[in-house]
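> Structure below; questions to follow.
In the numbering used here, the protein residues as written are -17 to 838.
So this is what it looks like as structure tokens:
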């Protein structure tokens, strides 16, 4: 059994090594190349060879970032009535000393002992473990389990433990293979000095949160001295990363969006918790991590009730973060909420979760949601001497047991002289737990060491210097330090994961190249729509500019393209930018709106184009709603005809490529074969698959004596003719078109003739076709909003949804033909008269003539 498991593990590792890692790298490279080529972002200072860890957002990247931040404000700040602030990036040293950043905001670093190149020690160990697990086929199961345990405990390793593992595994410098130094701490903050004297040290802030904490007193007053309330801030943060890598995921300057939700530590319920309680998503509690299990789907209500999530307010923000990321376009199956292990959390934290998004680099922490308790406000109160507290007023006085700290100023003055005031303030600012610990130590030992932050030193306090005891007092209010729930969003990381989750490729229409597409939701798309004249024409351009003006007035970001490039190439260019909609202006009085991913199109009046785009981009209507509004009030029509083939043929019909505004169904009939495509309407979100009908000799009845080798296919087409503003011609005009005779001239001379008629129900038409191949022909009447397209083709390439397959034959030898009749409302904007859509491989073009004498 063990050997079987070992064999299976090695097989899986082999597959990952052979394809998984390489395919991830190839996918990532394709995404990054597209992003940089289309100027979503590029390395900063590029003409000077750049500096690691810095990137510039280009026009589309700026637009995506702006849209993400705009939605963040709407989803959090407006929804929760948060107080938004904007604080300086340069922070005095004293603030970051109080918060603990000066002492503890470090990573363990190692150096190449010969070149001096620096690396993050934990990253080297992590990369080594992952590479061995993925690519080393000789790895035993015990060793694999050991490496997985190392990965799980990595954040808890001390410098000694980390150094021991690096030495044990023989890890060397990646580029040079030189030996590495022992790990030592490196502070990640950029240091600076404030003012010309250089005497006021400062740092570029590593997070935005401290600006909110130091303003708590004023924000609390602004909010009417009421809890709970939240403050929010968006701004730049700076971290002097040891080894920046992974593009936007690990940089030295980045945008943070942070929320500090202040709440009573004795009541962490949330009034809107029920709105998110029934959400279910991937969660990775610490118990599952420690036992080697995987993340699992858990309902949020269950996680809170079982104590997996510490409290309702923390759970509420986890749910809101999930909804935020879903709206942006993050794949729900590649998003999980991972709980911090006990060794990862700060000693003061009650609970911490990370929203991790999977991308080609693995699982990336993008949002942290932490219950930071009251640590930050306590720290700044103690350091500044300003009480950062909240008050709960009682309707009637209550008798409360209260801790009383009374410094004995006479004894302190004798001991500390000029420093007495700072020691007294530090003693009075002690938290309850700290004071009780001091009381216990004084009772057992008679003295205790006490750190006075404002002095920057530790002093000795004895029993004669302070009195600490509990007293019962009648109080009119309760004074307490609020707890803080903090969701912190790394905007750059979220945006990069969004780039990967929305990126895909599809074949060009000709099938000769792969086209890149970003499937951005309208909410975050850098450009909401583009406006194209079908061809370079002054009249078309005037209409396009009119639509552009309407879009601008509606506040819709758009781009107008009046270049002479083909419409297909213009679509491809904008698809690569993630533009969800394109408006095409042609010769009719209406315009076409094309949706990026389905490539479905609808026609609307010129005056309605801007309002339709605004409604779908703002979420007032869905694209399916827009399409379904085009499919009301149909008139049924029935056509039947017969095609005869010299040889067995495969007939392929692509319903989604045929104008869906009129198509109801197809029915193909032979003596022993009948296949029906179900009704297809534009409000169906799923695209119909291609249908293949194979016609063989043994499927049909005895061939006509005049053509002993022919195969007969009878074809019935059921159509719904749309009666609407854009298709306003009467059914009689359609039938008049059907009754027209068409003479088909081949090679400049009338060598072959065919005739066909169309009737309404109860009548039938037979179309006889000789064995010679005929190409495509079609026709339309200008402004009639009707296109009659009949296709007889010898090409492999689909033409308006029809494909004929000739297996191994040359065009000149090909003697199979296909015919399809389509009635389409206002489709493709054909000009009046009969239009030739193709030519023969020899003998010149196909000539067409109508009975009325209009020819091409």
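Ideal Cβ placement from N, Cα and C applies to all residues, glycine included.
Quick one: Cα of residue 418 to Cα of residue 450, how far?
For residue 418 and residue 450, the distance between alpha carbons rounds to 8 Å.
> Is it the case that the Cβ atoms of residue 26 and residue 37 are separated by a distance below 8 Å?
Taking 8 Å as the Cβ cut-off, residue 26 and residue 37 qualify as a contacting pair.
> What is the DSSP secondary structure of residue -6, counted as helix, strand or coil?
The predicted model places residue -6 with a pLDDT of 38, which falls under 50 and marks its position as unreliable; any figure quoted below should be read in that light. Three-state DSSP puts residue -6 in a helix.
> Taking the alpha carbon of residue 846 as the point to measure from, which residue in 367, 368, 303, 354 has its own alpha carbon closest?
Nothing in the structure corresponds to residue 846, since the chain is present only between -17 and 838.
> Straight-line CA distance for residue 383 to residue 454?
About 4 Å.
> Determine the direct distance from the alpha carbon of residue 312 to that of residue 477, and round the result to whole angstroms.
Approximately 10 Å, taken between the alpha carbons.
> My output table needs one value for residue 312: the three-state DSSP class, helix, strand or coil.
Looking at residue 312 - three-state DSSP - the assignment turns out to be coil, as it is neither helix nor strand.
> Are the segment 97 to 107 and the segment 156 to 174 in contact at 8 Å, needing three or more beta carbon pairs?
A contact exists between the segment 97 to 107 and the segment 156 to 174.
> For residue 140, which of 90, 178, 186, 441 has the nearest alpha-carbon?
With distances taken between Cα atoms, residue 140 lies closest to 90.
> In terms of residue numbering, what span does the alpha helix (DSSP H) encompassing residue 144 cover?
It spans 141 to 150 - the alpha helix (DSSP H) in which residue 144 sits, taken as one unbroken run.
> At which residues does the beta strand (DSSP E) containing residue 367 begin and terminate?
Run containing residue 367: none; DSSP gives neither H nor E here.
> Straight-line CA distance for residue 410 to residue 289?
If you take the alpha carbons of residue 410 and residue 289, they lie about 35 Å apart.
> Using a Cβ-Cβ cutoff of less than 7 Å, which residues in the same chain neighbour residue 394 once the five nearest sequence positions on both sides are dropped?
Closer than 7 Å at the Cβ level, and outside the excluded window around residue 394, lie 402, 405, 406, 447.
> Nearest to residue 183 by alpha carbon, out of 76, 116, 150?
The candidate whose alpha carbon is nearest that of residue 183 is 76.
> Out of 569, 479, 519, 44, which has the shortest C-alpha to C-alpha gap to residue 230?
For residue 230, the nearest C-alpha among the options comes from 479.
> Between residue 467 and residue 295, what straight-line distance do the alpha-carbon atoms span, to the nearest angstrom?
Each residue's alpha carbon lies about 8 Å from the other.
> List, from N- to C-terminal side, the beta strand (DSSP E) runs of 3 residues or more that fit wholly inside the segment 34 to 91.
Fully enclosed beta strand (DSSP E) runs of 3 or longer: 37 to 39, 72 to 74.
> Tell me which residue opens and which closes the beta strand (DSSP E) that residue 180 is part of.
Counting along the chain, residue 180 falls outside any beta strand (DSSP E), and DSSP gives it neither H nor E.
> Can you tell me which residues form a DSSP beta bridge with residue 186?
Looking at the DSSP assignment, residue 186 forms a beta bridge with 72.
> Can you check which of these residues, 225, 321, 445, is closest to residue 272 by C-alpha distance?
The residue with the shortest Cα to Cα distance from residue 272 is 321.
> In terms of residues, what are the limits of the alpha helix (DSSP H) holding residue 194?
Taken as a continuous stretch (DSSP letters only), the alpha helix (DSSP H) holding residue 194 covers 191 to 195.
> Can you have a look at residue 148 and say buried or exposed, based on whether 16 or more other CB atoms are within 10 angstroms of its CB?
Flag for residue 148 reads buried.
> Less than 7 Å between C-beta atoms, sequence neighbours within five positions excluded: which residues of the same chain meet that for residue 430?
Here the set comprises 420, 423, 424, 443.
> For residue 402, which three-state DSSP category applies?
Helix, per DSSP.
> Can you tell me whether residue 243 is buried or exposed? The criterion is at least 16 other CB atoms within 10 Å of its CB, across all chains shown.
Its Cβ being crowded by 16 or more others within 10 Å, residue 243 is buried.
> Ends of the alpha helix (DSSP H) at residue 271?
Unbroken alpha helix (DSSP H) run through residue 271: 268 to 272.
> Starting from the Cα of residue 263, find the closest Cα among 125, 251, 314 and give me that residue.
Nearest of 125, 251, 314 to residue 263, Cα basis: 314.
> Would you mind stating whether residue 549 and residue 505 have Cβ atoms separated by less than 8 Å?
Against a cut-off of 8 Å, the Cβ pair of residue 505 and residue 549 comes out as no contact.
> So residue 57 packs on residue 306, CB below 8 Å; how close in whole Å?
Indeed they touch by this definition, with Cβ atoms about 5 Å apart.
> If you check the beta carbons only, do residue 238 and residue 43 fall under 8 Å apart?
Not in contact: residue 238 and residue 43 (Cβ atoms no closer than 8 Å).
> My assumption, with CB atoms under 8 Å, is that residue 541 sits in contact with residue 575. Please give the rounded CB distance.
Contact doesn't hold; Cβ gap of about 15 Å is too wide.
> Using a 10 Å radius around the Cβ and a threshold of 16 neighbouring Cβ atoms, would you call residue 144 buried or exposed?
Flag for residue 144 reads buried.
> How should residue 643 be labelled, buried or exposed, when 16 other C-beta atoms within 10 angstroms of its C-beta is the threshold for buried?
Confidence at residue 643 is low in this model, with a pLDDT of 35, below 50, so its placement is unreliable and the value that follows should be read with caution. By the 10 Å Cβ count, residue 643 comes out buried.
> Compute the Euclidean distance between the alpha carbons of residue 529 and residue 134, then round it to the nearest angstrom.
Their Cα atoms are separated by approximately 57 Å.
> Is it right to say residue 193 is buried, meaning 16 or more other beta carbons lie within 10 angstroms of its own, or is it exposed?
Under this definition residue 193 is a buried residue.
> Of the choices 522, 224, 219, whose alpha-carbon is the least far from that of residue 235?
The residue with the shortest Cα to Cα distance from residue 235 is 219.
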